[in-house]
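Each residue of the sequence shown is one higher than the one before, counting from -17 in the numbering used here. Some notes on the structure that comes next.
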Amino acid sequence: MKWLPLTAILLFLVACSASTPQTSLYEQIGGSVGAEKLVDAFIKQIGNDDVILPYFRESNVRHFREGFITHLCDTLDGPCDYEGDSMVQIHTGMAISESDFNRVVDLLINAMNEVGIAHSVQNQVLARLAPMRSEVIKL
-17 MKWLPLTAIL LFLVACSAST PQTSLYEQIG GSVGAEKLVD AFIKQIGNDD
33 VILPYFRESN VRHFREGFIT HLCDTLDGPC DYEGDSMVQI HTGMAISESD
83 FNRVVDLLIN AMNEVGIAHS VQNQVLARLA PMRSEVIKL
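The following block contains the structure:
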């Protein structure tokens, strides 16, 4: 009988945690405002990188910005549905090396640090994007 109050408390805590809606990763980066800030910081990082910038010389920055914001929103469980070109379509023919791919990841991490995204959230963002690696590196 003396375990009954403890059992009731544990059941209450489990019930409360089960009914609490989980915050999406998109919300954890700040929703649409956060995604825009992140992408803007990322574009700035790219613009200041002599190794990566040449990959973007022919890119329409506005188109890239809008597409990446929507892609992040979709990938991070936001309310968006990315309907743009696939990663394979975008990156085929660019001959992106593994080293340059890793450098872009570093630039994204720098951008996430710049806008104040927590490291634990950064790891989750990178984990969502990592499966696309094989669709980007085309030697």
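Positions of the beta carbon are idealized from the N, C-alpha and C atoms, including for glycine.
Exercise for the section: Go through its chain and collect everything with a Cβ distance to Leu121's Cβ below 6 Å, but skip five positions before and after it. Expected result: Your numbering for residue 121 matches position 139 in the sequence shown. Caution applies to Leu121, whose pLDDT of 47 falls short of 50 and renders its modelled position unreliable; the value that the coordinates give is listed next. Residues of the same chain with their beta carbon placed closer than 6 Å to that of Leu121 are lacking, with the five preceding and five following residues left out of the count.
Handout entry: Of the residues Asp31, Arg39, Asp67 and Ile28, the one placed nearest Thr52, counting alpha carbons only
Key = As a working note, residue 52 is residue 70 in the sequence shown. The shortest C-alpha separation from Thr52 is found at Asp67.
Exercise for the section: Using 10 angstroms around the beta-carbon of Gly98, count the other beta-carbons present and answer buried if the total reaches 16, otherwise exposed. Expected result: Counted from its first residue, the sequence shown places residue 98 at position 116. That one is exposed.
Exercise for the section: Determine the extent of the alpha helix (DSSP H) in which Ser81 is found, giving its start and end residues. Expected result: Residue numbering aside, residue 81 sits at position 99 when the sequence shown is read from its first letter. Counting along the chain, the alpha helix (DSSP H) containing Ser81 begins and ends at Glu80 to Glu96.
Problem - Residue environment, Ala0, which counts as buried when at least 16 other CB atoms sit within 10 Å - result: Position 18 of the sequence shown, counting from 1, holds the residue named residue 0. Its pLDDT being 49, under 50, Ala0 is placed unreliably in this model, and the value from its coordinates should be taken loosely. With fewer than 16 Cβ atoms within 10 Å of its Cβ, Ala0 is classed as exposed.
Problem - For Gly13, the three-state DSSP class (helix, strand or coil) - result: Position 31 of the sequence shown holds residue 13. Note: Gly13 maps to helix in three-state DSSP.
Handout entry: N-terminal and C-terminal residue of the alpha helix (DSSP H) that Ile72 is part of
Key = The residue labelled residue 72 in the question sits at position 90 within the sequence shown. Note, Ile72: alpha helix (DSSP H), Met69 to His73.
Handout entry: Range covered by the alpha helix (DSSP H) that runs through Ser102
Key = As a working mapping, residue 102 is identified with position 120 in the sequence shown. It spans His101 to Leu111 - the alpha helix (DSSP H) in which Ser102 sits, taken as one unbroken run.
Problem - Exposure label - Ala93; buried when at least 16 CB within 10 Å - result: For this step, residue 93 is matched to residue 111 along the sequence shown. Per the 10 Å Cβ criterion, buried.
Practice task
Reducing DSSP to helix, strand and coil, say where Ile28 ends up.
Solution key: Counted from its first residue, the sequence shown places residue 28 at position 46. Of the three classes helix, strand and coil, the one that applies to Ile28 here is helix, per DSSP.
Problem - Length of the line joining the Cα atoms of Asp146 and Val43 - result: Since the first residue shown for the chain is -17 and the last is 121, residue 146 is missing from the structure and cannot be characterised.
Handout entry: Contact between the stretch 23 to 37 and the stretch 67 to 87 (3+ Cβ pairs under 8 Å)
Key = yes
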